[in-house]
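Here is the structure we will look at.
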Amino acid sequence: MSYDDTNIFARILRDEIPSVRVFEDDDTLVFMDIMPRADGHCLVIPKTACRNVLDATPAQLAACMATTQRIARAVMAAFDATGVTLQQFNETDGGQEVFHLHFHVLPRHAGLSLRPPGKMEDMAVINANAEKIRAALAAI
Ligand code: 5GP
12 MSYDDTNIFA RILRDEIPSV RVFEDDDTLV FMDIMPRADG HCLVIPKTAC
62 RNVLDATPAQ LAACMATTQR IARAVMAAFD ATGVTLQQFN ETDGGQEVFH
112 LHFHVLPRHA GLSLRPPGKM EDMAVINANA EKIRAALAAI
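Everything in the sequence shown is counted per this note's numbering, starting at 12 for the first residue and increasing by one.
Here you go:
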């Protein structure tokens, strides 16, 4: 399977479609999931092309992991979370829908299940949650 640079996240990287960004460095970008399965659900992606962990380089994976840890700590603080779930899917049969490597970061609370996938969130809620993450990142 080869990388197709018309995928949604490649288009977000090129600013061809809007996203609510919360963090970026030289190698990674973090933005809010538009169908969040928990408040604060965001996605960490490399800025360079790869489909998933199967074709990623060690450098791409290392950069994503360092950013994922940073965001996991930030969402714990931002949402007074008591846990954090990371998800990552590979190819269609592994549950992947967008074919640019990404890591889901999901703040969790005791007794609260993840919401079902596929429900668009109100943009005002997404923007407010993004601002909480940005504030937590600034305070870390
Ligand atoms: P996966 O490929 O890991 O199954 O999931 C892709 C994720 O991307 C889903 O959680 C979905 O809600 C999210 N997503 C799909 N399209 C868009 C989009 O246009 N913008 C944003 N921010 N997230 C998206």
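For each residue, glycine too, the CB sits at the ideal point set by N, CA and C.
Starting from residue i, trace the alpha helix (DSSP H) in both directions and tell me its first and last residue.
{"i": "L148", "result": "M134 to A150"}
{"i": "C61", "result": "Premise fails: C61 is in no alpha helix (DSSP H) and is neither H nor E."}
{"i": "V41", "result": "Premise fails: V41 lies in the beta strand (DSSP E), T39 to M43, not in any alpha helix (DSSP H)."}
Would you call the CB atoms of residue i and residue j closer than 9 Å?
{"i": "F114", "j": "L54", "result": "yes"}
{"i": "E132", "j": "P47", "result": "yes"}
{"i": "M86", "j": "L112", "result": "Note that residue 86 is Val in the sequence shown here, rather than Met. No, these two residues do not count as a Cβ contact at 9 Å."}
{"i": "T78", "j": "D36", "result": "yes"}
{"i": "A89", "j": "A49", "result": "no"}
{"i": "E60", "j": "D26", "result": "Sequence inspection shows Ala at residue 60; the Glu mentioned does not correspond to that position. Not a contact, by the Cβ cut-off of 9 Å."}
Let me make sure I understand the geometry here. Which of the options has the alpha-carbon closest to that of residue i?
{"i": "V31", "options": "A146, N138, K143 and L148", "result": "N138"}
{"i": "R119", "options": "E108, Q98 and G105", "result": "Q98"}
{"i": "I19", "options": "D66, E108 and T78", "result": "E108"}
{"i": "K143", "options": "R126, R84 and N101", "result": "R84"}
{"i": "A67", "options": "H52, M12, K130 and A150", "result": "M12"}
{"i": "A135", "options": "I45, F34 and Y14", "result": "I45"}
Would you check whether the ligand 5GP has a heavy atom nearer than 8 Å to the C-beta of residue i?
{"i": "L54", "result": "yes"}
{"i": "I45", "result": "yes"}
{"i": "H120", "result": "no"}
{"i": "Q71", "result": "no"}
{"i": "F42", "result": "yes"}
{"i": "Q80", "result": "no"}
{"i": "F34", "result": "no"}
{"i": "I144", "result": "no"}
Tell me where the beta strand (DSSP E) around residue i begins and ends.
{"i": "Q107", "result": "That residue, Q107, is in no beta strand (DSSP E); it is neither H nor E in DSSP."}
{"i": "Q99", "result": "Looking at the DSSP string, Q99 is not in any beta strand (DSSP E), and its letter there is neither H nor E."}
Does residue i get closer than 9 Å to chain C when you measure Cβ to Cβ?
{"i": "L123", "result": "Here there is only one protein chain, and chain C is not present."}
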